[in-house]
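Sequences listed follow chains A and B, in order. Residue numbers for the first sequence follow UniProt numbering, so the first one is 1 and each next one is one higher. Residue numbers for the second sequence follow UniProt numbering, so the first one is 1 and each next one is one higher. Structure, as structure tokens:
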Amino acid sequence: MAEIPAALLLLADARLPAGGHAHSGGLEPAVAAHAVTDLADLRDFLHGRLATTGLTGAALAAAACAYAAAYAPDADIPPSGDGSAGGRRGWRGLDAEADARTPSPAQRRASRAQGRSLARAARATWSHPGLDALAAEVRAPHHPLVLGAAAAAAGGTPRQAAAVAAYGAAAGPASAAVRLLGLDPLDVHRVLADLAARMDEVADEAAAAAAGGWDALPAPSAPLLDLLAEAHVRAGLRLFES
Amino acid sequence: MGARRAAAGARGRGGGAVTRRCAARAAVAAERDAHGRTRCTRLRSDGPLALRETAEGVHLVGAAAGPLGGDVLELDVAVGPGARLAVRSAAAALVLPGDGTSRLTVRARVGPGARLDFAPEPTVAAAGCDHRSAAEIALAEDATLRWREEIVLGRHGERPGRLRGRLDVAIGRTPLLRHELRVGDGHGARAVLGDAGAAGSVLLVRPGLAREAHVEDGLAVLPLAHPSGVLITAVAPDAALLRRRLARGERVAARARGETAPRGLPADQETASAAAFRGAETPDSCS
Chain A
1 MAEIPAALLL LADARLPAGG HAHSGGLEPA VAAHAVTDLA DLRDFLHGRL ATTGLTGAAL
61 AAAACAYAAA YAPDADIPPS GDGSAGGRRG WRGLDAEADA RTPSPAQRRA SRAQGRSLAR
121 AARATWSHPG LDALAAEVRA PHHPLVLGAA AAAAGGTPRQ AAAVAAYGAA AGPASAAVRL
181 LGLDPLDVHR VLADLAARMD EVADEAAAAA AGGWDALPAP SAPLLDLLAE AHVRAGLRLF
241 ES
Chain B
1 MGARRAAAGA RGRGGGAVTR RCAARAAVAA ERDAHGRTRC TRLRSDGPLA LRETAEGVHL
61 VGAAAGPLGG DVLELDVAVG PGARLAVRSA AAALVLPGDG TSRLTVRARV GPGARLDFAP
121 EPTVAAAGCD HRSAAEIALA EDATLRWREE IVLGRHGERP GRLRGRLDVA IGRTPLLRHE
181 LRVGDGHGAR AVLGDAGAAG SVLLVRPGLA REAHVEDGLA VLPLAHPSGV LITAVAPDAA
241 LLRRRLARGE RVAARARGET APRGLPADQE TASAAAFRGA ETPDSCS
């Protein structure tokens with residue numbers, strides 16, 4: 001793989017001031033429902049999330065990265081994979097694809113809230129015409145779109161954008177698990193390290209899919225996680241937004 | 001049954017009877033006539049996809065077991081402007097292992113003012129199966145839809161094989177829902193489906209449905225980004241409870257308009273909404 005631009009590490013870093021710490025990636029509702037109680041449960045949860053929301057988000061991020069890169073024609077990045085029948089549908093078209101893959105209103109809201117925060121942080125950090133166009137066309141874009149566009153701005157490839165998205169899909173809930181379950185951070189990081197190869201598989205599948213049309217991007221669902229996400233909105237006492 | 005499948009295979013593949021694979025393409029088309037009645041203008045059965053007109057609409061009456069691994073089945077459904085079609089099935093489909101991946105693709109076009117109600121019996125994923133299903137649905141702006149999919153994860157006491165189902169629905173050129181369920185690929189199944197023995201969904205598309213999400217045990221009613229779409233998803237230990245949960249979800253989706261609308265909603269509006277819901281079950285289609 002191409003060498004990782006250091007700027008891309010900023011994007012993957014939890015210290016990026018983009019409000020990611022306010023979201024548990026569905027872990028808090030799973031903990032509240034006693035579906036996740038220990039390290040073994042957490043491993044299952046992260047596996048399931050990677051295979052569903054993680055893959056969907058990674059594919060959207062890869063597509064967004066390719067599309068954003070087309071705004072900067074001198075960049076050495078593959079052209080956009082929007083081969084859909086409707087032709088180039090713009091950022092709103094990709095945002096609609098994210099909507100169609102997110103049936104849970106709670107998860108749509110969480111994705112847009114995180115997208116808006118990330119857009120603010122990314123545009124303050126990098127200047128890129130693709131990122132600017134996204135912000136101009138969609139008021140609060142879905143998080144994977146912003147992540148993909150920011151990855152392009154940081155000089156990353158669609159495959160790297162997908163890797164950052166897949167990593168975030170697991171690392172976010174993992175760090176929330178330390179707070180929610182009082183797990184040893186070293187144990188949790190061991191779980192994440194064991195998942196790294198799986199993150200790469202997800203990023204490979206996502207990037208390969210993003211080379212085709214937006215219509216056909218993966219859309220794996222997680223019925224239980226959708227259910228828990230909606231239940232969470234109604235829960236009284238909670239540490240995380242989602 | 002074996003002979004029948006072999007015959008179907010021979011017809012579909014020009015002499016491939018030894019493989020026992022089927023390639024079948026069935027079709028149904030419904031149109032509204034000058035008197036406003038829906039008529040079936042096309043009904044083509046092929047191999048294991050046998051279609052029969054009934055009082056309710058059109059029934060899939062499995063002419064063979066399956067699908068089996070290696071089968072490639074396609075069903076085209078066309079509902080013309082203003083027409084109404086209900087599609088049912090006589091029995092559950094049992095997806096069995098065989099020679100490779102089995103595939104079922106359903107393509108549906110629903111015209112302006114038309115209604116499609118597609119609710120076959122469940123698909124049972126047997127041990128060792130490798131099945132892919134895809135539904136591609138194109139709706140006109142004011143078309144209405146009820147689309148139910150139910151999957152039973154293995155026969156009694158059995159773990160299912162691999163199953164991948166995808167539903168793609170667009171209104172005009174806008175995607176409404178793209179929804180996949182992947183079972184048996186070994187990735188975090190417990191987090192995705194818990195210990196459910198059955199999972200399913202009903203997609204409703206018509207004006208006036210709930211705009212507030214609703215959750216209860218094993219059931220979620222999820223208003224989509226498009227104001228006319230609601231996805232009901234459910235998981236359950238068995239097919240019977242799954243069906244009850246989905247039915248309950250449909251009632252919630254249809255009724256919630258009355259609950260969440262401002263007070264003073266004209267009574268006839270609520271009645272009309274309820275009637276439209278019941279209408280999805282009435283036998284005025286394709287008969």
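Ideal placement from N, C-alpha and C gives every residue a C-beta, glycine not left out.
Helix, strand or coil at A:SER117 [DSSP, three-state]:
helix
How about B:ARG166 and B:GLY184: are their beta carbons less than 8 Å apart?
Cβ distance not < 8 Å, so B:ARG166 and B:GLY184 don't count as in contact.
If contacts are defined as beta-carbon pairs under 8 Å, then B:VAL202 and B:ARG148 qualify, I think. What distance do you get, rounded to the angstrom?
5 Å
Segment limits, alpha helix (DSSP H) that includes A:THR56
Residue range 55-69 is occupied by the alpha helix (DSSP H) that includes A:THR56.
If we count the other Cβ atoms within 10 Å of its Cβ and call it buried at 16 or more, is B:PRO175 buried or exposed?
So B:PRO175 counts as buried.
Rounded C-beta distance between B:GLU212 and B:PRO223? I'm assuming under 8 Å.
7 Å
Opening and closing residue of the beta strand (DSSP E) in which B:PRO175 lies:
174-183
Leaving out the 5 sequence neighbours to the left and right, which residues in its chain are closer than 8 Å to A:LEU164 when beta-carbon positions are compared?
According to the sequence provided, residue 164 of chain A is Val. The question's Leu does not apply to it. Excluding residues within five positions, the ones whose Cβ falls inside 8 Å are LEU8, LEU11, ALA12, ALA61, LEU147, ALA151 and GLY156.
Contact residues within the region 150-163 of chain A, judged by C-beta distance below 9 Å to chain B:
none
Best match in B:LEU94, B:ARG115 and B:ARG107 for proximity to B:ASP130 [C-alpha to C-alpha]
B:LEU94
Collapsed DSSP secondary structure at B:ALA134 in the structure displayed:
strand
Using the Cβ count rule (16 or more neighbours within 10 Å means buried), how would you classify A:GLY48?
buried
Rank B:SER45, B:ALA65 and B:THR38 by C-alpha distance to the C-alpha of B:ALA27 and give the top, closest one.
If we check each option's Cα against that of B:ALA27, B:SER45 comes out closest.
At a CB-CB cut-off below 8 Å, which residues of chain B make contact with A:THR47?
A small fix is needed here, since residue 47 of chain A is His in this sequence, not Thr. Simply HIS187, GLY188 and ALA191.
Kindly list, in the order they appear in chain A, the residues whose Cβ is closer than 8 Å to that of B:ASP233.
First, the amino acid is wrong: residue 233 of chain B is Thr here, not Asp. Here the neighbours are PRO103, SER221, PRO223, ASP226 and LEU227.
Provide the residue span of the beta strand (DSSP E) that contains B:LEU222, from first to last.
219-223
DSSP bridge partner residues for B:LEU51 (one or two, in chain order)
In DSSP, B:LEU51 forms a bridge with B:LEU60.
The beta strand (DSSP E) enclosing B:ALA30, as first and last residue numbers
Per DSSP, B:ALA30 belongs to the beta strand (DSSP E) from 23-32.
Are three or more beta carbon pairs between the region 170-189 of chain A and the region 135-152 of chain B nearer than 8 Å?
no
Answer yes or no: do B:SER102 and B:LEU75 have a C-beta to C-beta separation smaller than 8 Å?
No, these two residues do not count as a Cβ contact at 8 Å.
Taking the alpha-carbon of B:ARG25 as reference, which of B:ALA140, B:GLY188, B:LEU242 and B:VAL77 has the nearest alpha-carbon?
Residue B:VAL77 is the option with its Cα nearest to B:ARG25.
Given that a residue counts as buried once 16 or more other Cβ atoms are within 10 Å of its Cβ, and exposed if not, what is A:THR37?
Flag for A:THR37 reads exposed.
So who's on the other strand from B:PHE118, going by DSSP bridges?
Under DSSP, B:PHE118 shares a beta bridge with B:VAL87 and B:TRP147.
Could you name the residues of chain A that B:ALA125 contacts, counting a contact when the two beta carbons are closer than 7 Å?
What B:ALA125 touches in chain A: nothing, since even the nearest Cβ is about 15 Å away.
Kindly identify the DSSP beta-bridge partner or partners of A:LEU228.
According to DSSP, A:LEU228 bridges with nothing at all.
I want to know whether the region 205-225 of chain A touches the region 53-72 of chain A - three or more CB-CB distances under 8 Å.
These segments touch.
Would you verify that the beta carbon of A:ARG108 is, or is not, closer than 8 Å to some beta carbon of chain B?
yes
Mind checking the region 130-150 of chain B against chain A and listing, in chain order, the residues whose C-beta falls within less than 7 Å of any C-beta there?
none
Should A:ALA106 and A:GLU28 be called a contact, given that it needs their Cβ atoms to be closer than 8 Å?
Not closer than 8 Å, so no.
Name the chain A residues that come within less than 8 Å of B:HIS59, Cβ to Cβ?
Result: empty, since nearest Cβ-Cβ is about 28 Å, beyond 8 Å.
Excluding the 5 residues flanking B:ARG42 on each side, which residues of the same chain have their C-beta closer than 8 Å to its C-beta?
ALA27, VAL28, ALA29 and ALA78
8 Å Cβ shell around A:LEU181 - same chain, five flanking residues per side excluded
VAL31, VAL36, THR37, ASP38 and LEU42
8 Å Cβ cutoff, A:LEU50 in contact with chain B:
Judged by the 8 Å Cβ criterion, A:LEU50 is in contact with chain B.
Would you list the residues sitting across from B:VAL230 in a DSSP beta bridge?
B:LEU204 and B:PRO223
Whose CA, out of A:ARG190, A:ALA162 and A:ALA161, lies closest to the CA of A:SER175?
A:ARG190
Proximity to B:ALA236 [Cα-Cα], best of B:GLY229, B:LEU193, B:ASP99 and B:PRO48
B:LEU193
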